[in-house]
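Enquirer: Below is the structure I would like to discuss, written out as structure tokens.
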Amino acid sequence: MILTPTGNFGASPECAAPVKVEWLNGIAPFGHAVTATVDRPGSTRVDIPIGAGVSLLTVQTLGVPAFGTSQYVWMQP
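Under this note's numbering, the residues of the sequence shown are numbered 10 to 86, in order.
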């Protein structure tokens, strides 16, 4: 999975967005999670070993304890 900061909708591309990627598959312990920070320069890569196949994949932004900030994730196939 490639996560790329774009700075859409008036957001600054310099703002970092912490994300958490979770997936379920046939590799013990079956549930897996990786956290990463998406920011400039360039893209952030998260490798997902699919094994026998991924049955569930979620991507979420993690809260930043600061006033007046927010993040979002826009996913494209």
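Ideal Cβ placement from N, Cα and C applies to all residues, glycine included.
#1: How about Phe39: is its Cβ closer than 7 Å to a heavy atom in the ligand SAM?
#2: So Leu90 is in the beta strand (DSSP E); what residue range does that whole segment cover?
#3: Hey, Ser52 and Thr15: beta-carbon distance below 8 Å or not?
#4: Give every residue of the same chain whose Cβ lies closer than 7 Å to the Cβ of Lys88, excluding the five residues on either side of it in the sequence, and list them in chain order.
#5: What's the call for Ala26, buried or exposed, on a 16-neighbour Cβ count within 10 Å?
Expert: If we stick to the structure as given:
#1: Ligands are entirely absent from the displayed structure, and the ligand SAM is therefore not among its contents.
#2: As shown, the chain starts at 10 and ends at 86. That puts residue 90 outside it, with no answer to give.
#3: no
#4: Summary: the structure shown does not reach residue 88, with the chain confined to residues 10 through 86, and so no result is reported for it.
#5: buried
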